[in-house]
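Undergrad: Input: one structure, supplied below.
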Amino acid sequence: MQQEILINWSPQETRVAVIESGAVQELHVERTLERGLVGNIYLGKVARVLPGMQSAFIDIGLERAAFLHVGDLWQKPLDGDSLPVHRLNGPQKPIEKQVFEGQTLMVQVIKDPIGTKGARLATQISIAGRMLVFLPQDDHIGVSQKISAAQRDQLRARVQGLASAGAQNGKPGGFILRTNAEDATDTELAEDIAYLRKTWARIREAATRQPPASLLHEDLSLLQRVLRDLTGEHTQSIRIDSSEQFQTLMAFGREFMPAAAAHLQHYKGERPIFDLHSVDEEITKALGRRVDLKSGGYLIVDQTEALTTIDVNTGGFVGARNFDDTVFKTNLEAAQSIARQLRLRNLGGIVIVDFIDMTQPEHQQAVLAEFRKQLARDRVKTQVGGFSALGLVEMTRKRTRESLAQLLCEPCDQCQGAGRVRTARTVAYDVLREILREARQFNPREFRVVAPPAVIDLLLDEESTHLAGLSDFIGKPISLQAESALGPDQYDIVLL
Numbered sequence: 001m002q003q004e005i006l007i008n009w010s011p012q013e014t015r016v017a018v019i020e021s022g023a024v025q026e027l028h029v030e031r032t033l034e035r036g037l038v039g040n041i042y043l044g045k046v047a048r049v050l051p052g053m054q055s056a057f058i059d060i061g062l063e064r065a066a067f068l069h070v071g072d073l074w075q076k077p078l079d080g081d082s083l084p085v086h087r088l089n090g091p092q093k094p095i096e097k098q099v100f101e102g103q104t105l106m107v108q109v110i111k112d113p114i115g116t117k118g119a120r121l122a123t124q125i126s127i128a129g130r131m132l133v134f135l136p137q138d139d140h141i142g143v144s145q146k147i148s149a150a151q152r153d154q155l156r157a158r159v160q161g162l163a164s165a166g167a168q169n170g171k172p173g174g175f176i177l178r179t180n181a182e183d184a185t186d187t188e189l190a191e192d193i194a195y196l197r198k199t200w201a202r203i204r205e206a207a208t209r210q211p212p213a214s215l216l217h218e219d220l221s222l223l224q225r226v227l228r229d230l231t232g233e234h235t236q237s238i239r240i241d242s243s244e245q246f247q248t249l250m251a252f253g254r255e256f257m258p259a260a261a262a263h264l265q266h267y268k269g270e271r272p273i274f275d276l277h278s279v280d281e282e283i284t285k286a287l288g289r290r291v292d293l294k295s296g297g298y299l300i301v302d303q304t305e306a307l308t309t310i311d312v313n314t315g316g317f318v319g320a321r322n323f324d325d326t327v328f329k330t331n332l333e334a335a336q337s338i339a340r341q342l343r344l345r346n347l348g349g350i351v352i353v354d355f356i357d358m359t360q361p362e363h364q365q366a367v368l369a370e371f372r373k374q375l376a377r378d379r380v381k382t383q384v385g386g387f388s389a390l391g392l393v394e395m396t397r398k399r400t401r402e403s404l405a406q407l408l409c410e411p412c413d414q415c416q417g418a419g420r421v422r423t424a425r426t427v428a429y430d431v432l433r434e435i436l437r438e439a440r441q442f443n444p445r446e447f448r449v450v451a452p453p454a455v456i457d458l459l460l461d462e463e464s465t466h467l468a469g470l471s472d473f474i475g476k477p478i479s480l481q482a483e484s485a486l487g488p489d490q491y492d493i494v495l496l
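Under full-length UniProt numbering, read the sequence shown as residues 1 to 496, first letter to last.
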């Protein structure tokens with residue numbers, strides 16, 4: 001699997017497309033005025049403690065107060081604990097016994113604000129480097145599960161020695177080895193340790209002079225995270241269309257990530273860089289409900305606040321010898337497409353997939369195996385269950401930032417996100433009922449209906465008899481006025 005990364009930069013927005021096997025698999029967008037907050041470290045002030053929810057609201061200087069759950073409070077480990085995880089120290093203390101209103105806490109954002117929900121926080125600080133994650137409050141060495149078991153003990157011992165050698169005040173801190181530390185030299189690891197400790201020193205120093213609700217440390221920009229997080233052994237090239245940002249990113253990469261920086265290229269072509277793989281077309285498709293499959297089948301993707309549902313349909317696919325084979329082949333193709341759509345749209349939380357019903361258990365297992373295989377390529381953590389009694393597949397995908405639709409779109413001002421508006425006939429009948437209601441309370445000379453043209457046309461044509469009958473019943477004339485500026489289900493009754 002070959003990977004190519006395309007970066008389209010402008011002063012107001014950075015867009016990154018990850019191309020694998022010639023197809024767009026991931027899209028990342030960062031707007032200058034709307035940068036994500038995950039990884040940022042703040043000096044927060046406890047605004048409110050909620051014992052019933054075992055949570056607290058923390059003021060970190062944002063529009064909405066952030067949210068801290070008791071499970072995200074770091075506690076100093078008891079003597080003898082090998083791992084500084086509070087759950088190993090017995091029952092968790094109630095939050096009201098750990099924090100109080102007005103208290104100042106150093107906190108880190110672990111989930112961006114989404115919709116009406118504020119950011120989620122933790123008090124255990126972690127700072128990500130190129131090969132290591134620094135845990136300044138801890139003292140253990142962890143290793144990514146993606147690194148082979150045979151190398152973990154050796155890597156842990158190496159980092160333990162390097163961390164102890166450069167420790168200040170006898171406190172080396174804790175570290176987690178990331179996947180790309182597997183083949184790192186001692187020099188590279190030592191440089192990463194030094195960089196992370198220097199960053200932590202700057203954060204601590206800022207905490208002593210900044211007021212509460214201040215930003216102490218900002219996570220890397222999307223451009224820099226491309227080198228840190230998106231680049232791997234399969235990356236063939238990283239092309240960026242800005243000369244200035246290419247130079248800046250190259251300088252950053254040479255200092256901290258020379259292996260990734262070696263793939264950097266300045267794109268000088270006349271065509272927009274996203275035209276190379278029709279990325280803008282893929283963005284447009286990723287914002288739609290329907291996803292067409294090559295076989296003629298299609299998916300319907302509906303995203304709600306609680307969960308995302310994906311429905312698989314055979315559509316016009318009739319290529320197999322019998323119906324069971326048609327369903328099986330459609331579901332296999334859908335499994336591949338769904339895994340891609342989850343990455344492309346950055347859909348998180350609970351996902352319910354309604355594959356077409358399969359009568360043969362071996363077909364179900366084959367589709368499930370293919371689905372899990374495709375999801376294994378996702379850098380975001382996923383969990384997949386089996387087929388339920390109703391033939392549905394339930395899964396979760398970790399959600400740390402807004403989906404592509406939430407980032408690029410907003411609810412329709414007419415339907416308020418419902419995806420439906422009332423018909424002209426429904427609105428016309430509402431108008432007739434409202435006139436009758438008004439006539440019982442007021443005694444105007446005339447009623448004037450101001451409504452969209454479609455509603456007025458209906459009242460003048462098909463519903464003219466009902467309108468005339470109502471006018472006779474209330475004993476008042478009713479005039480009509482079309483107003484194209486009104487929404488399809490908006491109207492007004494004017495008393496003259």
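Idealized CB from N, CA, C, for every residue including glycine.
Pull up the distance between the alpha-carbon of residue 160 and that of residue 141, whole angstroms please.
TA: The sequence position of residue 160 within the sequence shown is 160, counting from 1. The sequence position of residue 141 within the sequence shown is 141, counting from 1. Approximately 7 Å between the Cα atoms of the pair.
Undergrad: Please list the terminal residues of the continuous alpha helix (DSSP H) segment that includes residue 245.
TA: Locating residue 245 in the sequence shown gives position 245, counting from the first residue. Here the alpha helix (DSSP H) through residue 245 covers 243-256.
Undergrad: Report yes if the C-beta distance between residue 101 and residue 64 is below 8 Å; otherwise report no.
TA: Locating residue 101 in the sequence shown gives position 101, where the first residue counts as 1. Locating residue 64 in the sequence shown gives position 64, where the first residue counts as 1. No, the pair does not count as a contact, with Cβ atoms beyond the cut-off.
Undergrad: When burial is assigned at 16 or more other CB atoms within 10 Å of the CB, is residue 381 buried or exposed?
TA: Position 381 of the sequence shown holds residue 381. Flag for residue 381 reads exposed.
Undergrad: Can you tell me the Cα-Cα spacing of residue 83 and residue 312, whole angstroms?
TA: Counting from 1 along the sequence shown, the entry for residue 83 is found at position 83. Counting from 1 along the sequence shown, the entry for residue 312 is found at position 312. Note that residue 83 has pLDDT 40, beneath the 50 cutoff, so the model's placement of it is unreliable and the number below is only indicative. Rounded to the nearest angstrom, the two C-alpha atoms are 45 Å apart.
Undergrad: Between the Cα of residue 342 and the Cα atoms of 322, 291, 325 and 390, which residue gives the shortest distance?
TA: In the sequence shown, residue 342 corresponds to position 342, counting from 1. Checking every option, the nearest Cα to that of residue 342 belongs to 291.
Undergrad: From which residue to which residue does the beta strand (DSSP E) around residue 447 run?
TA: Position 447 of the sequence shown holds residue 447. Counting along the chain, the beta strand (DSSP E) containing residue 447 begins and ends at 447-451.
Undergrad: Do you know how far the Cα of residue 245 is from the Cα of residue 60?
TA: Within the sequence shown, numbered from 1, the residue matching residue 60 stands at position 60. Within the sequence shown, numbered from 1, the residue matching residue 245 stands at position 245. About 30 Å.
Undergrad: Measuring CA to CA, which of 370, 372 and 397 is closest to residue 351?
TA: In the sequence shown, counting from the first residue as 1, residue 351 sits at position 351. Considering only alpha carbons, the answer is 397.
Undergrad: Measuring CB atoms only, is the segment 378-392 touching the segment 422-430, in the sense that at least three cross pairs come out at less than 8 Å?
TA: no
Undergrad: On a Cα-Cα basis, can you pick out the residue from 401, 383 and 404 that is closest to residue 395?
TA: The residue you call residue 395 lines up with position 395 of the sequence shown. The residue from 401, 383 and 404 with its alpha-carbon nearest to that of residue 395 is 383.
Undergrad: Rank 251, 37 and 346 by C-alpha distance to the C-alpha of residue 283 and give the top, closest one.
TA: Your numbering for residue 283 matches position 283 in the sequence shown. For the residues 251, 37 and 346, the minimum Cα distance to residue 283 belongs to 346.
Undergrad: Pull up the CB-CB distance for residue 17 and residue 6, whole angstroms please, since I reckon it's below 8 Å.
TA: Taking the first residue of the sequence shown as 1, we reach residue 17 at position 17. Taking the first residue of the sequence shown as 1, we reach residue 6 at position 6. Separation of the CB atoms of residue 17 and residue 6 is rounded to 5 Å, and the pair is thereby assigned contact status at 8 Å.
Undergrad: If you draw a straight line from the alpha carbon of residue 29 to that of residue 491, how long is it in whole angstroms?
TA: Taking the first residue of the sequence shown as 1, we reach residue 29 at position 29. Taking the first residue of the sequence shown as 1, we reach residue 491 at position 491. The alpha-carbon atoms of residue 29 and residue 491 are separated by roughly 39 Å.
Undergrad: Whole angstroms are fine: how far does the CA of residue 94 sit from the CA of residue 51?
TA: The residue labelled residue 51 in the question sits at position 51 within the sequence shown. The residue labelled residue 94 in the question sits at position 94 within the sequence shown. The alpha-carbon atoms of residue 51 and residue 94 are separated by roughly 7 Å.
Undergrad: Can you have a look at residue 303 and say buried or exposed, based on whether 16 or more other CB atoms are within 10 angstroms of its CB?
TA: Along the sequence shown, read from residue 1 onward, the residue named residue 303 stands at position 303. Looking at its Cβ environment, which holds 16 or more other Cβ atoms inside 10 Å, residue 303 is buried.
Undergrad: Looking at the structure shown, is residue 309 part of a helix, part of a strand, or coil, going by DSSP?
TA: By 1-based counting over the sequence shown, the position of residue 309 is 309. Under the three-state reduction of DSSP output, residue 309 falls in the strand class.
Undergrad: Would you identify the three-state DSSP class for residue 87, choosing helix, strand or coil?
TA: Taking the first residue of the sequence shown as position 1, residue 87 is located at position 87. Reliability fails at residue 87, whose pLDDT of 41 lies under 50, so the model's placement of it is uncertain and no value is given.
Undergrad: Considering only residues of the same chain and omitting the five flanking positions on each side of residue 80, which have a CB-CB separation below 6 Å?
TA: Mapped onto the sequence shown, residue 80 falls at position 80. Confidence at residue 80 is low in this model, with a pLDDT of 43, below 50, so its placement is unreliable and no value can be given for it.
Undergrad: What number of angstroms, rounded off, separates the C-alpha of residue 486 from the C-alpha of residue 219?
TA: Here residue 486 refers to the residue found at position 486 of the sequence shown. Here residue 219 refers to the residue found at position 219 of the sequence shown. Cα to Cα, residue 486 sits roughly 45 Å from residue 219.
Undergrad: Provide the residue span of the beta strand (DSSP E) that contains residue 393, from first to last.
TA: Position 393 of the sequence shown, counting from 1, holds the residue named residue 393. First-last of the beta strand (DSSP E) with residue 393: 393-397.
Undergrad: Taking contact to mean 3 or more Cβ pairs, one atom from each stretch, closer than 8 Å, check whether the segment 174-184 and the segment 134-152 are in contact.
TA: yes
Undergrad: Alpha carbon to alpha carbon, what distance is there between residue 344 and residue 86?
TA: Locating residue 86 in the sequence shown gives position 86, counting from the first residue. Locating residue 344 in the sequence shown gives position 344, counting from the first residue. Confidence at residue 86 is low in this model, with a pLDDT of 41, below 50, so the placement of that residue is unreliable and no value is reported for it.
Undergrad: Three-state secondary structure (DSSP) at residue 79?
TA: Indexing the sequence shown from 1 puts residue 79 at position 79. Annotation note: pLDDT 48 at residue 79 (below 50); position unreliable, coordinate value reported separately. Residue 79 falls in the coil class under three-state DSSP.
Undergrad: Use the C-beta contact count for residue 494: other C-beta atoms within 10 angstroms, 16 or more gives buried, fewer gives exposed.
TA: For the purposes of this step, residue 494 is taken as the residue at position 494 of the sequence shown. So residue 494 ends up on the exposed side.
Undergrad: Are there 16 or more other CB atoms within 10 angstroms of the CB of residue 1, so buried, or fewer, so exposed?
TA: In the sequence shown, counting from the first residue as 1, residue 1 sits at position 1. Result: exposed.
Undergrad: From the DSSP output, in three-state form, read off residue 225 for me.
TA: Along the sequence shown, read from residue 1 onward, the residue named residue 225 stands at position 225. It is helical.
Undergrad: Quick check on the DSSP output: the beta strand (DSSP E) that includes residue 8 runs from which residue to which?
TA: In the sequence shown, counting from the first residue as 1, residue 8 sits at position 8. First-last of the beta strand (DSSP E) with residue 8: 3-10.
Undergrad: Please identify the residue among 233, 173, 213 and 156 whose C-alpha is closest to the C-alpha of residue 125.
TA: In the sequence shown, the residue the question calls residue 125 occupies position 125. Minimum Cα distance to residue 125 is reached at 173.
Undergrad: Which residue wins for smallest C-alpha separation from residue 228, given the options 236, 261 and 199?
TA: To locate residue 228, count along the sequence shown from 1; it is residue 228. When each option's Cα is compared against that of residue 228, the closest is 261.
Undergrad: Measuring CA to CA, which of 233, 467, 191 and 450 is closest to residue 484?
TA: Walking along the sequence shown from the start, residue 484 turns up at place 484. Comparing Cα positions, the closest option is 450.
Undergrad: Cα separation between residue 20 and residue 340?
TA: On the sequence shown, position 20 is the one that residue 20 refers to. On the sequence shown, position 340 is the one that residue 340 refers to. Roughly 11 Å between the two C-alpha positions.
Undergrad: Determine the closest residue to residue 216 out of 225, 201 and 223, with distance taken between C-alpha atoms.
TA: As a working note, residue 216 is residue 216 in the sequence shown. Nearest option by C-alpha distance: 201.
Undergrad: Going by C-alpha to C-alpha distance, which of 129, 243 and 249 sits closest to residue 190?
TA: Translated into the one-based positions of the sequence shown, residue 190 becomes position 190. The residue with the shortest Cα to Cα distance from residue 190 is 129.
Undergrad: Note down, one range per segment and in chain order, each beta strand (DSSP E) of at least 3 residues found wholly within the segment 38-82.
TA: Runs of the beta strand (DSSP E) inside the segment 38-82: 41-50, 55-59 and 66-69.
Undergrad: Relative to the alpha-carbon of residue 123, which residue among 46, 273 and 157 has its alpha-carbon at the smallest distance?
TA: On the sequence shown, residue 123 is found 123 positions in, with the first residue counted as 1. When only C-alpha atoms are compared, the closest one is 46.
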